[in-house]
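Reviewing the structure listed below.
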Amino acid sequence: MKKLIAPVGFGLLLTLAFFSCKKSANDSADTSYQQLSDDERALIVAAGFNGNWAERTSDGNYLVEGDILLSRAQLNELKGVVSHEIIYANEEHYRTTNVVSTPASGQRTITVRLGSGFPAHYSTGLDQALARYNNLNLKIRFQRVSSGGNIVITGANLGTSGGGCILGQAAGFPTSSGNPSSGFVLSTSSCATSYLNTANKADEVIAHEIGHCIGFRHTDYMNRSSCGQNVNEGSAGVGAVHIPNTPTTVTGSYNSWMMACTNGSPSFSAADNTALNYVY
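The sequence shown runs -25 to -1, 1 to 255 under mature numbering (1 follows the signal peptide of the UniProt record, and there is no 0).
This is the structure:
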């Protein structure tokens, strides 16, 4: 999840490293649908996620980790799945068990489409994000398209989660067949658009959500330190596999494109490059 501070404290964004986020603009809105039943919470726990970091969405799906949207069918698929690769120690930079399949030689092209209705600087931000990935000369290469697309970016008001303003929300992780997640949503809420007001900010969030689509978990998945929390997101059947040669401890101010809450940096750190090159 990418979050930012309340507009009432917008001047504190930089000094507080985007620690928290605004409450919903309508605090009186009915959010009872978000509450989980005991059976639903048990299913989420059985799938390996933290049952205290999940909620039901208005369309009947389940939001976990703040920016991963899973259906009940997906949770049932993950239920009881155990990966011997899961790492529980306090290590950082993680991937899911499934990643995007790549050819023995050459590169696999993943097409990306930006849906309609976004400001022009979102388009620029997408181009920047794809160029940053492609400049690493990985086994996957991203290509922007105007129709179709392996990864499709759409817009919707995502509101808040756990008191935080959601900037983007991925539709899961790579499939068992080796394909990327089908895409993600960029929030059109007022708190999100007030942050996503430049190409660099759009680049930052787009690159993060693409990271989920190709199999990267939050760098601070163990404790969500970038959000000022101490919450383990849960490793789940999708896996939380530590990537070798990446740092074993991080703090809330650590620079990584996959930190749970935004640090305002549209760049890959040295450890990010290591993680990307190791996986792809």
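All C-beta atoms in this analysis are idealised placements derived from N, C-alpha and C, irrespective of residue type, glycine included.
- About 31 Å separates the beta carbons of glycine 139 and threonine 86, which is beyond the 8 Å limit, so they are not a contact pair.
- Shown here for asparagine 230: same chain residues with a beta carbon closer than 7 Å to its own, the five before and five after excluded, namely Asn238, Ser240, Ser244 in chain order.
- Valine 160 is bridged by DSSP to Thr129, Gln144.
- Look at leucine 89 here: in three-state DSSP terms it is strand.
- Annotation for alanine 29: the continuous beta strand (DSSP E) segment containing it runs 29 to 31.
- Around the beta carbon of threonine 135, 16 or more other beta carbons lie within 10 angstroms, which makes this residue buried.
- Membership of isoleucine 185 in any beta strand (DSSP E) is not indicated; the residue belongs instead to the alpha helix (DSSP H) covering 174 to 188.
- Bounds of the beta strand (DSSP E) holding isoleucine 115 are 115 to 119.
- One alpha carbon belongs to glutamate 52, the other to alanine 21, and they sit about 10 Å apart.
- Below 8 Å, too few C-beta pairs join the segment 141 to 159 and the segment 99 to 110 to call them touching: fewer than three.
- Valine 127 and leucine 161 have their C-alpha atoms roughly 11 Å apart.
- Looking at Ser98, Leu113, Gln118, the one whose alpha-carbon comes closest to that of lysine 176 is Ser98.
- DSSP places tyrosine 253 in the helix class (H, G or I) of the three-state scheme.
- Assigned with DSSP and collapsed to three states, arginine 16 falls in helix.
- Counting every other CB atom within 10 Å of its CB across the protein chains shown gives serine 164 a total of 16 or more, marking it as buried.
- Here leucine 101 is not bridged, per DSSP, to any residue.
- With fewer than 16 other beta carbons inside 10 angstroms of its own, serine 169 counts as exposed.
- Looking at the DSSP output, arginine 83 shares a beta bridge with Ile115.
- Listed in chain order, the non-local C-beta contacts of leucine 38 below 7 Å within the same chain comprise Ala29, Glu30, Thr32, Leu44, Ser136, local neighbours out to five positions each way being set aside.
- Taking all protein chains in view, the Cβ of glycine 186 is crowded by 16 or more other Cβ atoms within 10 Å, so the residue is classified as buried.
- Secondary structure note for tyrosine 229: it is in no alpha helix (DSSP H), with a DSSP letter that is neither H nor E.
- Going by C-alpha positions, phenylalanine 93 is about 32 Å away from threonine 249.
- Classified as buried, proline 155 has 16 or more neighbouring CB atoms from the shown chains inside 10 Å of its CB.
- The C-alpha of asparagine 252 is placed about 16 Å away from the C-alpha of threonine 194.
- Under the DSSP assignment, threonine 168 falls in the alpha helix (DSSP H) whose first and last residues are 165 to 170.
- Membership of leucine 11 in any beta strand (DSSP E) is not indicated, and neither H nor E is assigned to it by DSSP.
- A residue is called buried when at least 16 other Cβ atoms come within 10 angstroms of its Cβ; alanine 146 meets this threshold and is buried.
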